[in-house]
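Just below is one structure, and these are the notes that go with it.
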Ligand code: SF4
Ligand code: SF4
Ligand code: SF4
Ligand code: SF4
Ligand code: SF4
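Written out as structure tokens, the structure is:
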């Protein structure tokens, strides 16, 4: 390298470093936005939506589902909504999903982020298989739990007596009235939100939350001894779990529970 | 008057196409018109023909999405058009942001800002780096990275479905183009424009220069938003083969000696023209 090249080389290097700085700044700002912009766990998606992570990566944000919905239940998120931008969602208090039997929203979705196959059970397509969320009741504010006769939610529910059932309970306050308490059955609730929309309390006392938030999960480390199949899982445990036999759990759990004498005896022996 | 209109013929045609398209999409959502549903990310014409943005779909793919058949068909249709007429046709004839950036460029011209500015001079290649970065970030964050911030998507979605706070992006681009960098967004940064440019490399509709008619007035260079593509003007007769040409026709309008025109150039001829 001769000396006349030197300033030019310097200039080039300087430009490279310059670009690197701008590039890093841009890439970091962009990444920061991306990692923030998808954090919302409480968003309700149209029927047949993939799980939230796959939904956000698959939805092309075309809005065809929004246009297809005859009840204008769906909206596309804007940058102000703190929902992954451009994706469809609904807000039950504004408009619930009306459970169209022909499911126009999922039928038109080009990206299959709303997947009709997820609405099929035993090859039968039905909107009742949708699991948009699960209704949860705040028993402190629900009018029925306070003792009034409300029944608004159950009357709004398209699967009344299945997804919500009314239970009768004596009301000890008067001793002559009954509580008519709504109870949601997670096996059938579709998360359509009609109950939430209908609830007359100031802030809805029945509230649809996405399944990832509202449905519990026992975890595989609990084994219920009163179901034979479940108890068999002990034998299928993975390698590093050590199963200790003590004097008390020598018998199967079921036998053990039934063995009242044994339990009493054990209590005194230890 | 007719001469004035003639001098603006491509501009007027472009605005008519841009506005009519946007109206058709808007009307579909607002009034249930049956021409087209969706937006520029993905759409369906007459309930039949699917269209999907290849760049957005590619990002989705990098984000880990399983690309549905409908999407692939839509991408194929769009790629077919881009390959034939040129990907950046989208920029000057369809993209709604083009009206904003053209507006900024026009105002910049009127205010003589170019003569006065010594602002930063960006490289025209940044857009290609942004494409690469967008694919990397799509992969890392499992979401179509550019679609999350795309002012183009924010605009067409905004017009069809409502803006929210998204309009600030457009103001930002307008101000950037007006004060900081001539043709800053569309001519330097926008990865969608860059992607479409690459895809339409061998499109057969090209601007062709006729050196024998050229009187070296340089009006074309002044009008062109990507003036580097007109490097042959006054030197040799050949088509504009550089991919960044947006096919806006501003050079054709600007040239009073008819030294530039649109014409169909086969791929073989393009290869020769390059040599
Ligand atoms: S099922 Fe009907 S009401 Fe519910 S989101 Fe889809 S189109 Fe709208
Ligand atoms: S139709 Fe599908 S891809 Fe389009 S916005 Fe709705 S969910 Fe997303
Ligand atoms: S969300 Fe409410 S109305 Fe809808 S199915 Fe569940 S309980 Fe019924
Ligand atoms: S460069 Fe980008 S913003 Fe500009 S017209 Fe083309 S697609 Fe639209
Ligand atoms: S060469 Fe002509 S058609 Fe192409 S971008 Fe420039 S002015 Fe527009």
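Chains as they are written, first to last, in this note's numbering: chain A, 1382 to 1651; chain B, 1286 to 1560. All C-beta atoms, glycine included, are put in the ideal place defined by N, C-alpha and C.
Rounded straight-line distance, which links the Cα of residue j to that of residue i
i: residue 1545/B; j: residue 1519/B; result: 11 Å
i: residue 1351/B; j: residue 1435/A; result: 9 Å
i: residue 1348/B; j: residue 1341/B; result: 10 Å
i: residue 1416/A; j: residue 1421/B; result: 14 Å
i: residue 1510/A; j: residue 1310/B; result: 32 Å
i: residue 1560/B; j: residue 1554/B; result: With a pLDDT of only 42 at residue 1560/B, under the threshold of 50, the placement of this residue in the model should not be trusted; the figure read from the coordinates follows. Roughly 10 Å between the two C-alpha positions.
i: residue 1503/B; j: residue 1411/A; result: 40 Å
i: residue 1499/B; j: residue 1491/B; result: 18 Å
i: residue 1382/B; j: residue 1522/A; result: 50 Å
i: residue 1419/A; j: residue 1463/A; result: 8 Å
i: residue 1458/B; j: residue 1418/B; result: 20 Å
i: residue 1653/A; j: residue 1480/A; result: Because chain A here runs from 1382 to 1651, residue 1653/A falls outside it and cannot be looked at.
i: residue 1515/A; j: residue 1569/A; result: 9 Å
i: residue 1382/A; j: residue 1395/A; result: Because residue 1382/A carries a pLDDT of 46, less than 50, the predicted location of this residue cannot be relied on, and no value is offered for it.
i: residue 1390/A; j: residue 1411/B; result: 21 Å
i: residue 1473/B; j: residue 1550/B; result: 27 Å
i: residue 1312/B; j: residue 1318/B; result: 6 Å
i: residue 1535/A; j: residue 1553/A; result: 24 Å
i: residue 1561/B; j: residue 1583/A; result: Residue 1561/B is absent from the structure shown; chain B starts at 1286 and stops at 1560.
i: residue 1556/A; j: residue 1606/A; result: 39 Å
i: residue 1426/A; j: residue 1302/B; result: 35 Å
i: residue 1409/A; j: residue 1402/A; result: 11 Å
i: residue 1476/A; j: residue 1333/B; result: 29 Å
i: residue 1446/B; j: residue 1581/A; result: 30 Å
i: residue 1518/A; j: residue 1588/A; result: 6 Å
i: residue 1322/B; j: residue 1528/A; result: 49 Å
i: residue 1512/B; j: residue 1505/B; result: 8 Å
i: residue 1636/A; j: residue 1642/A; result: 11 Å
Nearest neighbour of residue i, chosen from the options [CA to CA]
i: residue 1556/B; options: 1531/B, 1537/B, 1527/B; result: 1527/B
i: residue 1432/A; options: 1591/A, 1642/A, 1544/A, 1406/A; result: 1591/A
i: residue 1416/B; options: 1490/B, 1482/B, 1384/B; result: 1482/B
i: residue 1484/A; options: 1447/A, 1514/A, 1438/A, 1392/A; result: 1447/A
i: residue 1336/B; options: 1308/B, 1510/B, 1307/B, 1366/B; result: 1366/B
i: residue 1479/B; options: 1317/B, 1295/B, 1409/B; result: 1409/B
i: residue 1436/B; options: 1326/B, 1551/B, 1287/B, 1549/B; result: 1326/B
i: residue 1593/A; options: 1422/A, 1526/A, 1637/A; result: 1422/A
i: residue 1406/B; options: 1509/B, 1524/B, 1461/B; result: 1461/B
i: residue 1512/A; options: 1502/A, 1553/A, 1602/A; result: 1502/A
i: residue 1537/A; options: 1405/A, 1614/A, 1478/A; result: 1478/A
Test item: CB-CB of residue i and residue j under 8 Å
i: residue 1465/A; j: residue 1356/B; result: no
i: residue 1359/B; j: residue 1485/B; result: no
i: residue 1374/B; j: residue 1532/B; result: yes
i: residue 1445/A; j: residue 1329/B; result: yes
i: residue 1497/B; j: residue 1522/B; result: yes
i: residue 1400/B; j: residue 1344/B; result: no
i: residue 1486/A; j: residue 1539/A; result: no
i: residue 1488/B; j: residue 1298/B; result: no
i: residue 1469/A; j: residue 1508/A; result: no
i: residue 1509/B; j: residue 1467/B; result: no
i: residue 1457/A; j: residue 1467/A; result: yes
i: residue 1529/B; j: residue 1295/B; result: no
i: residue 1547/A; j: residue 1571/A; result: no
i: residue 1559/A; j: residue 1549/A; result: yes
i: residue 1438/A; j: residue 1427/B; result: yes
i: residue 1471/A; j: residue 1407/A; result: no
i: residue 1567/A; j: residue 1525/A; result: no
Endpoints, the beta strand (DSSP E) within which residue i is located
i: residue 1549/B; result: 1545-1549
i: residue 1516/A; result: 1515-1518
i: residue 1431/B; result: Run containing residue 1431/B: none; DSSP gives neither H nor E here.
i: residue 1515/B; result: It is not in any beta strand (DSSP E) - residue 1515/B carries neither H nor E in the DSSP assignment.
i: residue 1559/A; result: 1558-1565
Where the alpha helix (DSSP H) containing residue i begins and where it ends
i: residue 1396/B; result: Neither: residue 1396/B is in no alpha helix (DSSP H) and is coded neither H nor E.
i: residue 1487/B; result: From DSSP, residue 1487/B is part of no alpha helix (DSSP H); its letter is neither H nor E.
i: residue 1616/A; result: No alpha helix (DSSP H) holds residue 1616/A; DSSP gives it neither H nor E.
i: residue 1389/A; result: 1387-1418
i: residue 1442/B; result: 1436-1446
i: residue 1287/B; result: 1287-1292
i: residue 1551/A; result: Note, residue 1551/A: premise wrong, no alpha helix (DSSP H); beta strand (DSSP E) at 1545-1552.
i: residue 1587/A; result: Element bounds for residue 1587/A: not the alpha helix (DSSP H) but the beta strand (DSSP E), 1587-1590.
i: residue 1452/B; result: 1452-1460
i: residue 1540/A; result: No alpha helix (DSSP H) holds residue 1540/A; DSSP gives it neither H nor E.
i: residue 1438/A; result: 1433-1439
Neighbour flag for residue i against chain D, beta carbons, 8 Å
i: residue 1507/A; result: Included in the structure are the protein chains A and B, with no chain D among them.
Exercise. Fully enclosed by the segment 1299-1347 of chain B, which beta strand (DSSP E) runs are 3 residues long or longer?
Worked result: Qualifying beta strand (DSSP E) stretches, in chain order: 1321-1323, 1327-1330, 1334-1337.
Exercise. Taking only runs of the alpha helix (DSSP H) that begin and end inside the segment 1357-1383 of chain B, which ones reach a length of at least 4 residues, in chain order?
Worked result: Those alpha helix (DSSP H) runs which fall completely within the segment 1357-1383 of chain B and span 4+ residues are 1374-1378.
Problem set entry | Secondary structure, alpha helix (DSSP H): runs of 4+ residues fully inside the segment 1441-1503 of chain A | Runs of the alpha helix (DSSP H) inside the segment 1441-1503 of chain A: 1445-1449, 1485-1489.
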